[in-house]
Amino acid sequence: MAAPAKGDMETIARLIASEINARPAQVNAAVGLLDEGATVPFIARYRKEVTGGLDDTQLRTLEERLSYLRELEARRAAVLSSIEGQGKLTDELRGRISTVTTKAELEDLYLPYKPKRRTKAQIARERGLAPLAETILADRSVVPAELAAQYLNDEVADTKTALDGARDILAETFSENADLLARLRTYMKGNAVLHARVVEGKEEAGEKFRDYFDHAEPWAKAPSHRVLAMLRGRNEDILTLDLELDTDATTPLKPAERMVAEAYEVALTHPRPADAFLLDVARWAWRVKLSLHLSVELMGEVRERAEEEAIHVFARNLKDLLLAAPAGARATMGLDPGIRTGVKVAIVDGTGKLLETATVYPFQPRNDVAGTNAVLASLIRKHNVELIAIGNGTASRETDRLTAELLAVLPPLPSGRKPIKVVVSEAGASVYSASAVAAAEMPDIDVSLRGAVSIARRLQDPLAELVKIEPKSIGVGQYQHDVDQSRLAKALDAVVEDAVNAVGVDLNTASASLLARVSGLGASLAEAIVAHRNTVGAFKTRKELLKVARLGPRTFELAAGFLRIPDGKEPLDASAVHPEAYDLAKKIVSACGRDVRSLMGDTVALKALDPRAFVDERFGLPTVRDILSELEKPGRDPRPEFKTASFAEGVNEISDLKPGMVLEGTVTNVAAFGAFVDIGVHQDGLVHVSALADRFVKDPHEVVKAGDVVKVRVVDVDAKRKRIALSMRKDDGDGRSAARSSASPSGQDARRSPPPGKGGNRGGPQGGRGNEGGQGAFGAALLDAMRRKDK
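Using this note's numbering, the letters of the sequence shown map in sequence onto residues 22 to 812.
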C-alpha cells in the first residue's frame, strides 16, 4: 500500500497522538522508524530519544491504528476518484469525505455513488418516474395519486405502479442519506437490544446454552463473553439472535421511523396528501432498507468488539504465562501422567538437554508402584534431580501423591536437599510433541516421551519452552476458536515478541524457536545462527553475529541488544546495553576509575553519578539512565521469583471439596468475568469478578494474573457438572454473600456468564485447566472446566 500524502500523514499523526496520549512529532518519528523496518521492541528500548519515550504498549497501538488509518486513506482516495469519474464530485462533498475518520462514515457518503446492481429504484427511474418522486418530496400540496396519473406509459400501466416506483426511488434516497444514517446508527447503538432465544426443539441438545434460551440485554453493554456465547449458540443452530429496537414503544409511529420522517420534514400532525404518502415511504424505508442495513452493521460491530476484548484478554493472559517465574537451570525430571499408557519420564539437565527417558506403570492395570518408585529414585540419584515437574492432565493428582510418598522416604541428595515437586500446565505439550520442532530437537525420541521433556523444560524456563508452541495452542483465552484467527495470531505473536525481547536471550544456548522471536530475526536467520553455532562453536562476542550467513548490519542493529553472552570476552555483551552505546558505557565506567566487571553491580558507585554529565549529541538522558540501570543489574530478568502453590493434603478430587474450605492454588486463566484457579482436583474453580476482593473490581487483571499463587475459599460445588465456585473475599464469612451478590438477574456487568461452548482451554504456569463457558447454577459467572485429557 502506498504511503499517504504528507498532508494525510499529518492528519493521521494528530489522530493517533490524541489516542495514545503523545505528540504528533512522536508519532511521526515512530512511523518513520517502523517504515524503515524497525521492530516495536527495538524502538521502545533503543530509540527513546527519537520517539520521546513511547513505550511498547503505545507503539503497538500506534502500529495497529496506523494500519487502519492508512487503509482508510487508500479507500478515501479510491472513493474520491470514483465519484470524480462520475462527474458528481462537488467541493462540499470532497470536504466531507476528506474529514471522516472511520470507514463506516466514508461508506455512508459513498453509498449514493457506489456502483450497484440494478435496483427497483433504478428501474423506476428508467421508466421516467424520477420527476414524480422529486415533485412529491418538494411540494407537499400535491395529491400523489392525481400526479401519478400524468406518468402512465407503456411500462407504467396504472397509478399504483407509478406510486410504487416513486416509493422505491424515495426509499433508496432515504437509505443513502449519510446524515440520517449517522443519526439512526447513534440511536440504535444507544437503544438496541440483543435478544437470544432457543430454537424450538433444541432445548435438550443446547443445554449448555440454557442461560440464553430467552436472554435480552442492551447492545451497548453486552460484555464480550456473553456476546461470543450467544454467537456460538447461533452458529450451532441452538439459538436465534436478533437485534431489536423500539419493541416497547406504544405509539403507532416508532421512534426510528419518526427520525426518518423528520429528516425530510414530513408533517406528522395535520399531514397533507404528500406528507401521508411520504410517511408511508419513511416507514417502508426503515423496515425494508435502513433497519436491515444498520442491524447487519451493528451485529458485525458487536462481534468485532467482543472479539477485540477476547483477544485482549488472551494476550494479557499469554503475556503473564510467558513471563511466569522460571525455576532456573537445575536438573529436572518431567512426569507426563497417564493411566493405561503409563507415566512418561524425562530427565533434562540445567540447560534443558535431554539425558534419559523412561516409562513407569504405577496405576491400573499394572499397579507397579514398587517398580515405579525404584526407577524414579534411581533416576533422581543418578542425575541429582532438583526439580520434579508433573503435568496436570489425567492422573496428575495420583502422580503427585505417589511422588510425595517417594520423596518422603528418599534420602537427601548430596546437596543435602530433596527435589521440589511442582504441578505444571501441560497445555500444548501434545501439540509440541508431534511438531516438526520437536522432531528436529529429538528425532530418536518417541512422540509420547517428548511431552515429558517439554513439561520439564517449561518448569525451568516457561518462556523458552512455550515459544515452541503456537500461542493459540497454549489455551489461556476465552472463545479463542470463535474470534478472527488472523487478528488473534497477530496479537499473540506481538505478545510473544515483546515477552522474549523484554527478558533477553542467551545467544549460545537459545533454541531456534526462541531466537526466531528476537527483534529483527526470524525463523530463517535463527536456524542460520544455530547452524553457525553448531559448526564454529559458541559465540564469544556479539560482533561475531555478523559472520552468520545473511545476517547484515541492519539485522545486527535490531537484534544485538536483546542477545546475551554471559562470561564472554566483552562484559557488556551480557547486558542489555546495545553495542552502538558501548563507547558511552565505557565512558561512564572510566568516570568511576574502575574496570567494567568490577563496576557492574556496584549500586552505590553508580548511583553517585550524575546521568546528565554523560549526555552527548547522539545519546540523550533516557539512554544514559538505561545504561546505568544495566550496569547496576546486568542482564536482569524482569520475571518474578519462582514459587509454587501447596495443594491441601486429602483434597484430590472434586468430591473432596466442601464449602468453607480455605485452599491454596494457582491462577491458570483470567477472563473478563473472573479468574480460574487450579486447587489440585483436576477441575479449575472460578473466582467470579465480584468475589476477587473486598472492593469493587472492574477488571480481574487489577487483582490477579496467570501464575499467581492465591488463597481461596470454596463457596459451592456441583460435582455432577464439575463446577467449583471460589472466593478470595475476606469479609463475607464463607463467601456466600459474594455468590449471592453475583446472582443478580439484571444481566449488568458480568453477573451472568455464558454457558460453555465447544470445551475450554488449559493454561497456567503451575497447573490448571482453563475454561470458556459459564455456570448459571451458582448465579455467579461460573464456567465449565475443561474435561480431563483422556489418555
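Beta carbons are placed, not taken as given, at the ideal position from N, Cα and C, and that holds for glycine.
Remember, predicted model here, so these are calculated numbers, not experimental data.
Check: Cβ-based burial, Leu-289 [other Cβ within 10 Å; buried from 16]; Outcome: exposed
Check: Short Cβ contact (8 Å threshold) for Val-281 with Ala-306; Outcome: yes
Check: Distance between Pro-244 and Ile-33 (C-alpha atoms, nearest Å); Outcome: 30 Å
Check: Stretch pair the segment 542-549 + the segment 559-578: three plus CB contacts closer than 8 Å; Outcome: yes
Check: Within the segment 659-713, ranges of the beta strand (DSSP E) (whole runs, at least 3 residues); Outcome: 683-692, 695-699, 706-709
Check: Boundaries of the beta strand (DSSP E) in which Ser-748 is found, first to last residue; Outcome: 744-748
Check: Touching by the beta-carbon criterion (3+ pairs, under 8 Å), the segment 592-608 and the segment 650-658; Outcome: yes
Check: Buried or exposed (CB count within 10 angstroms, at least 16 for buried), Asp-482; Outcome: buried
Check: Option in Asp-705, Leu-579, Leu-90 with minimal Cα separation from Asn-413; Outcome: Asp-705
Check: Segment contact, 8 Å Cβ cut-off, at least three pairs: the segment 400-420 with the segment 440-453; Outcome: yes
Check: Segment limits, beta strand (DSSP E) that includes Lys-442; Outcome: 441-445
Check: Top-ranked residue by Cα proximity to Gly-116, from Glu-578, Leu-127, Glu-85; Outcome: Leu-127
Check: Proximity below 8 Å, CB of Lys-664 to CB of Asp-341; Outcome: no
Check: Start and end residues, beta strand (DSSP E) containing Arg-734; Outcome: 730-739
Check: Proximity winner among Ser-399, Ile-476, Tyr-453, Glu-518, relative to Glu-491 (alpha-carbon distances); Outcome: Tyr-453
Check: Segment limits, beta strand (DSSP E) that includes Ala-237; Outcome: 235-239
Check: Contact set for Asp-29: own chain, Cβ-Cβ below 6 Å, skip 5 residues either direction; Outcome: Glu-94
Check: DSSP three-state assignment for Met-209, whether helix, strand or coil; Outcome: helix
Check: Within the segment 285-360, ranges of the beta strand (DSSP E) (whole runs, at least 3 residues); Outcome: 353-357
Check: Ala-38 - DSSP class collapsed to helix/strand/coil; Outcome: helix
Check: C-alpha gap between Ile-37 and Pro-592, whole angstroms; Outcome: 40 Å
Check: Span separating the alpha-carbon of Ala-712 from that of Lys-374; Outcome: 43 Å
Check: Residue of Gly-589, Gly-541, Ala-533, Arg-538 minimising C-alpha distance to Phe-560; Outcome: Gly-589
Check: Alpha carbon of Val-815 to alpha carbon of Ala-350, nearest angstrom; Outcome: A question about residue 815 goes unanswered here, because the residues of the chain that appear run from 22 up to 812.
Check: Three CB pairs or more closer than 8 Å across the segment 153-162 and the segment 215-233; Outcome: no
Check: Residue from Pro-432, Glu-447, Thr-261 with nearest C-alpha to Gly-359; Outcome: Glu-447
Check: Leu-132 to Arg-188 span [Cα, whole Å]; Outcome: 19 Å
Check: Val-688 versus Asp-739: straight-line alpha-carbon distance, rounded; Outcome: 20 Å
Check: Proximity test, Lys-719 beta-carbon vs the ligand ZN heavy atom, cut-off 7 Å; Outcome: The ligand ZN is absent from the structure shown, which contains no ligand whatsoever.
Check: DSSP three-state assignment for Leu-249, whether helix, strand or coil; Outcome: helix
Check: Val-517 - containing alpha helix (DSSP H), residue span; Outcome: 506-524
Check: Close beta carbons around Gly-73, own chain, < 8 Å, minus the five adjacent residues each side; Outcome: Ala-43, Arg-44, Ala-46, Gln-47, Ala-50
Check: For His-599, three-class secondary structure by DSSP; Outcome: coil
Check: Contact set for Leu-101: own chain, Cβ-Cβ below 7 Å, skip 5 residues either direction; Outcome: Leu-110, Arg-115, Ile-118
Check: At least 3 beta-carbon pairs within less than 8 Å: the segment 312-328 vs the segment 250-270; Outcome: yes
Check: Given 8 Å, three or more beta-carbon pairs between the segment 553-568 and the segment 527-537; Outcome: yes
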